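Trainee: In our numbering, the protein residues as written are 1165 to 1453.
Following this message is one structure expressed as structure tokens.
Structure (structure tokens):
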């Protein structure tokens, strides 16, 4: 199995159709060198005896359409998409799954004929991680979502669909939060970022902003977390640390990153591509260890 990091420009010289039997996949994003997705899919492939070549490809929004096209012509069968490309990916698809269509965000691409089919496995990955690793069922819970971008949209639709009692959405640009809340309908509502201190206590606070990737800190009011509340960052590793530190400082009893979500959404993507869902427990344990 092969996995490496490429820049989009490195795809230009590749021959259009590979003839080997290895299946070719990739993850696109910017930044991307930190991504654990190649390691995760290599482990899944080894577990199920599927030979695959999974690469991380650095591509910004301007480069992404050309990089994705070059990848397809070089034999790419499927891809994952991360920040800041999830909404862009949806616009490039010939077809979308119902959940991707509803949230307007795509993190999984499957080559079908001459076009891409787009799906969103982030929401399913989030729910599975919350329920199985953190014993939190969103049903009837009071939930705050910070952010309104592509990752936030997938999380929002999943949480609302799972029966959240209330889903408040706060974003630095309030209009984006209001638009997402309107798309969701009840139980969602937009919340002004400046009004977090007066919003009351939540059972689950999910950070879907990209602040941690830029090294930015977040100041969270101490009134934000109910007793035994869970603070959850959709990012993992270093990018999640600013939010987790702020949540603990504000009194959150439990604060976790999104590594479990990453593994679970990857398993959903893997199943879409290969028709078989891997066992995520040993892969998660190895990464966490």
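Think of the CB as a built atom: it goes at the ideal place given N, C-alpha and C, for glycine as much as any other residue.
From a predicted model like this one, the values you see are computed outputs, not experimental measurements.
1) If I measure Cβ to Cβ from residue 1390 and keep anything under 8 Å in the same chain, skipping five residues before and after, which residues do I get?
2) Given a threshold of 16 other Cβ atoms within 10 Å of its Cβ, counted over all protein chains shown, does residue 1269 qualify as buried or as exposed?
3) Under 8 Å, do residue 1200 and residue 1451 count as touching if we go by C-beta distance?
4) Exposed or buried, what is residue 1198 when buried is set at 16 or more other beta-carbons lying within 10 Å of its beta-carbon?
5) In this structure, does DSSP put residue 1288 in helix, strand or coil?
6) Can you confirm whether the segment 1404 to 1412 touches the segment 1427 to 1445 when touching is taken to mean that 3 or more C-beta pairs between the two stretches lie within less than 8 Å?
7) Got a sec, what are the start and stop residues for the beta strand (DSSP E) residue 1391 sits in?
8) Are the segment 1326 to 1343 and the segment 1391 to 1407 in contact at 8 Å, needing three or more beta carbon pairs?
9) For the 8 Å Cβ check, are there 3 or more pairs between the segment 1276 to 1291 and the segment 1344 to 1351?
10) Based on DSSP bridge pairs, tell me the residues matched to residue 1272.
11) How should residue 1317 be labelled, buried or exposed, when 16 other C-beta atoms within 10 angstroms of its C-beta is the threshold for buried?
12) How big is the Cα-Cα spacing for residue 1280 and residue 1413?
13) Give a yes or no on whether 8 Å exceeds the smallest Cβ distance from residue 1346 to chain D.
Mentor: In short:
1) For residue 1390, the CB contacts under 8 Å within the same chain, skipping 5 residues up- and downstream, are 1306, 1365, 1366, 1367 in chain order.
2) Buried, since its Cβ has 16 or more Cβ neighbours within 10 Å.
3) Taking a C-beta distance under 8 Å as the contact criterion, residue 1200 and residue 1451 qualify as a contact pair.
4) Burial call: exposed.
5) Annotated three-state conformation of residue 1288 is helix, per DSSP.
6) Verdict: no, contact absent.
7) 1389 to 1397 is the span of the beta strand (DSSP E), which, as asked, contains residue 1391.
8) No, because fewer than three Cβ pairs between the segment 1326 to 1343 and the segment 1391 to 1407 fall closer than 8 Å, the two stretches do not touch.
9) Not touching, per the Cβ criterion.
10) 1244, 1283, per the DSSP bridge assignment.
11) Buried, by the Cβ-count rule.
12) Cα-Cα distance, rounded: 44 Å.
13) Given the protein chain composition of this structure (a single chain), no chain D is represented.
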